[in-house]
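I have placed the structure first, in the form of structure tokens, so that the comments after it can refer back to it.
In our numbering, the protein residues as written are 11 to 120.
Written as structure tokens, this is what we have:
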């Protein structure tokens with residue numbers, strides 16, 4: 011199962027960790043894994059490459075995990091944009107959980 015954990019400080023999403031394998035299908039044919047990977051990569055690229063921010067990104071191959079943490083002091087506009095992007099990712103992954111509850115779970119942690 012894929013676990014998507016969103017790190018929260020109040021209403022602010024500070025970052026996320028997505029890890030695991032969905033187990034929906036064999037490698038190369040797993041639509042749940044493909045959907046999650048695509049959404050996570052898009053979010054990371056939007057934050058770091060499009061906005062030019064320096065969010066911390068760590069990839070751990072051994073447990074199929076990626077962690078992204080937003081930097082502090084983003085400024086009002088970048089903070090708002092990042093919150094929109096991370097909220098959209100959380101909503102999308104939550105909708106995937108609704109369709110594939112045995113393959114992905116989404117949690118919020120303080």
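Positions of the beta carbon are idealized from the N, C-alpha and C atoms, including for glycine. The structure displayed is predicted, hence computed values, not measured ones.
Here the region 29–41 does not lie against the region 92–101, with fewer than 3 beta-carbon pairs under 8 Å apart.
With distances taken between CA atoms, residue 48 lies nearest to 76 out of 76, 112, 83. The residue among 63, 28, 41 with its C-alpha nearest the C-alpha of residue 92 is 63. Residue nearest to residue 45 within the set 110, 118, 119, 117 is 110 (criterion: CA-CA distance).
Exclusion of the five residues before and after residue 117 leaves 13, 14, 15, 16 as the residues of its chain whose Cβ lies within less than 8 Å of its Cβ.
The beta carbon of residue 73 lies closer than 8 Å to those of 29, 30 in the same chain, with the five residues before and after it left out.
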